[in-house]
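Student: Following this message is one structure expressed as structure tokens.
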Ligand code: FES
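Residue numbers (this note's numbering): 18 to 334.
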């Protein structure tokens, strides 16, 4: 019913085109969840536990630095965490790129995919937008208008930077493992100096969190637009918005905004209180980064399947 409302044909027709298979998407969901659990489990590996296998005399050398020819003396599977991170990030990049260009199945009244909200062009499916500043001249997928902001937020995130510097650029791949690069230039020049824009992407991320929370409120309606209903889709969007808020609130920039640049906490008790709250969340930032990443993909996947008619959005009342 949702698919026909969009004028996009039935799920069977789509499946016949090879674009959609419930089995493929079911498998994707399982792979995504397993990858998420694996990565979060790997994040619990304490470097101190790992390097404990290295002889103490190497860790605390006396005199000049030891002339060690081996790339590493570690005997554990230090490569597993970077490999898992590469796999997880590549899976998300492939899925999100495909969805951003698909330009279909992103709305099933009253659910809208987080990849397409807010929808800012007149080419958006009816019912998805109240403000279309890009008018009719924008002919590409409307997702491309907005994804730069959540993408920029994650790309410049301090945690993700550490992850992809280590996993993709092997800089370094792990503790006590030498890197292939001859010199280190840090983030002091282009293009990496642009990572400093994280503070601005943080603000953009907050705006998107507000919009996605508003989408949760809109999802308290049924397919006919009547208020006071709760569906699985409502809970999916609510979980997604919650994860994104936790990701933003645990951000290092957020922590700095709360408690940075002050010399005396006792003179700023309110900021100190918020700083302690954010600090507690900040300790779990990597976890929130992964959960919210897969959460937003799974929320999009759920809306897509409902919009395509593959599954029905079950209403509790
Ligand atoms: S440090 Fe990760 S979102 Fe800001």
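Idealized CB from N, CA, C, for every residue including glycine. All of these numbers come straight from a predicted model, not from anything done at the bench.
Hey, would you say the C-beta of residue 270 is under 6 Å away from at least one heavy atom of ligand 1?
Tutor: Flag set: Cβ of residue 270 near ligand 1.
Student: Just to confirm, does residue 345 get its C-beta within under 6 Å of one of the non-hydrogen atoms of ligand 1?
Tutor: Because the chain in this structure spans residues 18 to 334, residue 345 falls outside the shown range and cannot be described.
Student: Hey, residue 260 and residue 309 are a contact pair by Cβ (cut 8 Å); roughly how many whole angstroms apart?
Tutor: Between residue 309 and residue 260 the Cβ distance is about 4 Å, and since that is below 8 Å, they are a contact.
Student: Between residue 152 and the rest of its own chain, which residues show a CB-CB distance below 8 Å, the 5 nearest in sequence each way excluded?
Tutor: Excluding residues within five positions, the ones whose Cβ falls inside 8 Å are 138, 139.
Student: Given 6 Å as the limit, tell me if residue 175 has its C-beta closer than that to any heavy atom belonging to ligand 1.
Tutor: Result yes, Cβ under 6 Å from ligand 1.
Student: Where does residue 317 land, buried or exposed, given buried means 16+ other C-beta within 10 angstroms?
Tutor: So residue 317 counts as buried.
Student: For residue 233, does the count of other Cβ atoms within 10 angstroms reach 16, so buried, or fall short, so exposed?
Tutor: Per the 10 Å Cβ criterion, buried.
Student: Over what stretch of residues does the alpha helix (DSSP H) that includes residue 232 continue unbroken?
Tutor: 215–235 is the span of the alpha helix (DSSP H), which, as asked, contains residue 232.
Student: Buried or exposed for residue 213, please, with buried defined as at least 16 other CB atoms from any protein chain shown within 10 angstroms of its CB.
Tutor: Exposed, by the Cβ-count rule.
Student: Within 10 Å of its beta-carbon, does residue 150 have 16 or more other beta-carbons around it, so buried, or fewer, so exposed?
Tutor: When all chains shown are included, residue 150 counts as exposed.
Student: Classify residue 328: buried if its beta carbon has 16 or more other beta carbons within 10 angstroms, exposed otherwise.
Tutor: Buried, because 16 or more other Cβ atoms sit within 10 Å of the Cβ of residue 328.
Student: Fully enclosed by the segment 298–333, which alpha helix (DSSP H) runs are 4 residues long or longer?
Tutor: Entirely contained in the segment 298–333, the alpha helix (DSSP H) runs reaching 4 residues are, in chain order, 302–325.
Student: Have a look at 99, 175, 125, 115 and flag the residue whose alpha-carbon is nearest the alpha-carbon of residue 323.
Tutor: Of the listed residues, the one whose Cα sits closest to residue 323 is 125.
Student: What did DSSP end up calling residue 288 once you bin it into helix, strand or coil?
Tutor: Three-state result, residue 288: helix.
Student: In whole angstroms, give me the CA-to-CA distance for residue 219 and residue 96.
Tutor: One C-alpha to the other measures close to 31 Å.
Student: Does the structure place the segment 281–289 close enough to the segment 251–271 that three or more beta carbon pairs sit under 8 Å?
Tutor: These segments do not touch.
Student: At the level of alpha carbons, what is the spacing between residue 114 and residue 107?
Tutor: Looking at the two C-alpha atoms, the distance is approximately 10 Å.
Student: Opposite residue 129 in the DSSP bridges: which residues?
Tutor: Looking at the DSSP assignment, residue 129 forms a beta bridge with 124.
Student: With three or more C-beta pairs closer than 8 Å as the rule, is the segment 173–188 touching the segment 128–137?
Tutor: No: the two stretches stay apart, fewer than three of their Cβ pairs being nearer than 8 Å.
Student: Quick check on the burial criterion: 16 or more other C-beta atoms within 10 angstroms. Buried or exposed for residue 148?
Tutor: The residue is exposed, with fewer than 16 neighbouring Cβ atoms inside 10 Å.
Student: Rounded to whole angstroms, what is the Cα-Cα separation between residue 123 and residue 253?
Tutor: In a straight line, the C-alpha of residue 123 is about 14 Å away from that of residue 253.
Student: Is the separation between the beta-carbon of residue 102 and that of residue 180 shorter than 7 Å?
Tutor: Yes, the Cβ-Cβ distance between residue 102 and residue 180 is below 7 Å.
Student: On the DSSP letters alone, give me the boundaries of the alpha helix (DSSP H) that residue 179 sits inside.
Tutor: Its alpha helix (DSSP H) spans residues 175–184.
Student: Give me, in chain order, the residues of the same chain whose beta-carbon lies closer than 7 Å to that of residue 292; leave out the 5 immediate sequence neighbours on both sides.
Tutor: So the qualifying residues of the chain are 272, 275, 276.
Student: Taking the alpha-carbon of residue 203 as reference, which of 158, 178, 160 has the nearest alpha-carbon?
Tutor: Answer by Cα proximity: 178.
Student: What three-state label does DSSP hand residue 140 in the structure shown?
Tutor: Residue 140: coil per DSSP, three-state reduction.
Student: Buried or exposed: which applies to residue 118, given that a residue is buried once 16 or more other Cβ atoms fall within 10 Å of its Cβ?
Tutor: It counts as exposed.
Student: Let's see if you can read the secondary structure: which residues bound the alpha helix (DSSP H) around residue 98?
Tutor: Element bounds for residue 98: 97–119.
Student: Taking C-beta to C-beta, are residue 145 and residue 165 nearer than 7 Å?
Tutor: It is not a contact, given that the beta carbons lie outside the stated cut-off.
Student: For residue 89, which residues does DSSP report across the bridge?
Tutor: Paired residue(s): 194.
Student: Quick one: what's got a C-beta closer than 6 Å to residue 255's C-beta in the same chain, skipping five residues either side?
Tutor: Counting only Cβ-Cβ distances below 6 Å, and skipping sequence neighbours, we find 233.
Student: Which term fits residue 334, buried or exposed, when burial requires 16 or more other beta carbons within 10 angstroms of its beta carbon?
Tutor: Its Cβ having fewer than 16 others within 10 Å, residue 334 is exposed.
Student: Which residues does DSSP pair with residue 154 in a beta bridge?
Tutor: None, per the DSSP bridge assignment.
Student: Taking its Cβ as the centre, do 16 or more other Cβ atoms sit within 10 Å of residue 195, making it buried, or is it exposed?
Tutor: Residue 195 should be labelled exposed.
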